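Numbering (the numbering used here), first residue to last: 1 to 448.
A virtual CB, placed ideally from N, CA and C, is assigned to each residue, including glycine.
Treat the numbers as computed from the prediction; the structure is a model and nothing was measured.
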Ligand SMILES: Cc1ncc(COP(=O)(O)O)c(C=O)c1O
């Protein structure tokens, strides 16, 4: 596939789209269908956006010689060549981290990090409930209890003010999640961690190149975890990484991820320490190494598009774009906003999303209140968890989920569009804005 997203093409399409948008925003008014084409697509009108969106992930012909070379070499295992270590050095440099360890996935990066930061069976870990389920599961796999801080509805990330009241004598670590590539407010999180001697493991699985106060996400806590799974901005099918400013921590991670083989500054008592096989393969590393320039170029485009969407969507009553912490830059794995049905004639969020999708703008409600989905109940009913915590603690834990009011609000009102759409031309992006505006104009008819 050609590099068809040039900056010039992106800017060229912007002007015409802007004119169409001002025409549309001048048209707010009563719910009268001027013509069939003006009706919501869900009610038989013509969709605002008729084309598709960029498929994801993408392939480049230019990558093929190196990919073939690594496959033909039959040196696929991490230890058989230097591609994985080359990737680790390059990714650390890209982020300004001291060191990086490649892993099999983001989930395994989290599991390794939790172990190395001393999280053990029966410990508690404070994390965000608003995340991909792997964050919960990596903690549960460690036989620790994920204790949820509340979500700030303005930022969709962990509300630092809700952390301290959840700390117990078993709390060992905080796992802030830079959800959708939006940095958490790390200064207060790090301050609380320091005060209570807790480790900070950043779940940066959606936050490649995101920045907080001049530092890249993944370099702000003790360690940071990344995912390169297929949907991600830099994908290799599966894959992950751990980054840190501490060489010693990464050496510990290396030992644990490589069947417990001690390495570098970290030497276990014998040849082995405890560990598993969570290694990345050479072809994955080669695929990742070739995507650095693409990642950086596309991150700039996503940022420009997100700024443009925020400037325009915030003018529509009932649509609230997300606020970022001061002096931070997101990378927009999803572009999310909160939807207020009261400003749309009580058109439910589900019906709004259905209507927006019918206009050719696919969207979703993203994460739900996953802590009620059964996996926590299953964990706390298990023999292991019952051995590790008192009945009283597990009951109080289950009841405390009802206190996550901010998170409930976020789960009930958020609408997200995926990162690949942010790479579209400006005129296509204008379709997103125009479609939402059109649904507001016709919200009473849609709500019937
Ligand atoms: C926030 C978050 N944490 C953890 C993970 C787990 O990463 P992986 O799918 O590579 O195991 C993901 C992946 O989607 C994620 O988005």
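Residue 322 sits away from residue 299, with the two beta carbons spaced by 8 Å or more. Of the candidates 448, 124, 97, 124 places its Cα closest to the Cα of residue 393.
Between the C-alpha atoms of residue 448 and residue 111 there is a straight-line separation of about 48 Å. Contact annotation, residue 128 with residue 157: C-beta distance approximately 7 Å; criterion of less than 8 Å satisfied. Shortest gap from the CB of residue 205 to any heavy atom of ligand 1: under 7 Å. In the assembly as shown, residue 65 is an exposed residue. Its beta-carbon has fewer than 16 other beta-carbons within 10 Å. Contact check for residue 426 against residue 316 fails: the beta carbons are separated by 8 Å or more. Taken from the Cβ of residue 141, every heavy atom of ligand 1 lies 7 Å or farther away.
Residue burial is scored here from C-beta neighbours: residue 288 has at least 16 other C-beta atoms within 10 angstroms and is therefore classed as buried.
Between residue 169 and residue 159, the C-beta gap is not smaller than 8 Å, which leaves the two residues out of contact.
Residue 205 holds the alpha-carbon nearest to the alpha-carbon of residue 242 among 205, 437, 436. Taken from the Cβ of residue 134, at least one heavy atom of ligand 1 lies inside 7 Å.
For residue 441, the enclosing alpha helix (DSSP H) covers residues 426 to 441.
Residue environment analysis places residue 74 among the exposed positions, since fewer than 16 neighbouring C-beta atoms fall within 10 angstroms of its C-beta. Rounded to the nearest whole angstrom, the C-alpha separation of residue 402 and residue 136 is 17 Å. Nearest Cα to residue 167 within the set 96, 126, 372: 126. DSSP places residue 100 in the uninterrupted beta strand (DSSP E) bounded by 99 to 103.
The beta-carbon distance between residue 261 and residue 104, rounded to whole angstroms, is 16 Å. This is too long to meet the 8 Å contact definition.
When the five nearest sequence neighbours on each side are left out, the beta carbons in the same chain lying within less than 6 Å of the beta carbon of residue 213 are those of 327, in order along the chain. By a beta-carbon distance limit of 8 Å, residue 281 contacts residue 76. Their separation comes to about 5 Å. In this model, residue 415 and residue 97 are separated by some 33 Å (Cα to Cα).
Secondary structure at residue 109: helix, using DSSP grouped into helix, strand and coil.
In the three-state DSSP reduction, residue 215 falls in the strand class (E or B). At least 8 Å separates the beta-carbon of residue 188 from that of residue 438.
Apart from sequence neighbours up to five positions away, the residues of its chain that approach residue 286 with a beta-carbon distance below 7 Å are 66, 67, 70, 83, ordered along the chain. Just so you know, the alpha carbons of residue 291 and residue 304 end up roughly 20 Å apart.
Taking C-beta atoms under 8 Å as the contact rule, residue 193 and residue 200 qualify, at a distance of about 5 Å. Counting along the chain, residue 242 sits inside the beta strand (DSSP E) bounded by residues 240 to 244. Listed as beta-bridge partners of residue 202 by DSSP are 224. Between residue 339 and residue 145, the C-beta spacing is not below 8 Å.
In this model, residue 161 and residue 185 are separated by some 11 Å (Cα to Cα).
Residue 136 carries a helical assignment under DSSP once its states are collapsed to helix, strand and coil.
For the pair residue 44 and residue 227, the CB atoms are not nearer than the 8 Å cut-off. The beta carbon of residue 362 is closer than 6 Å to none in its chain, skipping five residues each way along the sequence. Per DSSP, reduced to three states, the secondary structure at residue 89 is helical. Nearest to residue 101 by C-alpha distance, out of 198, 240, 293, is 240.
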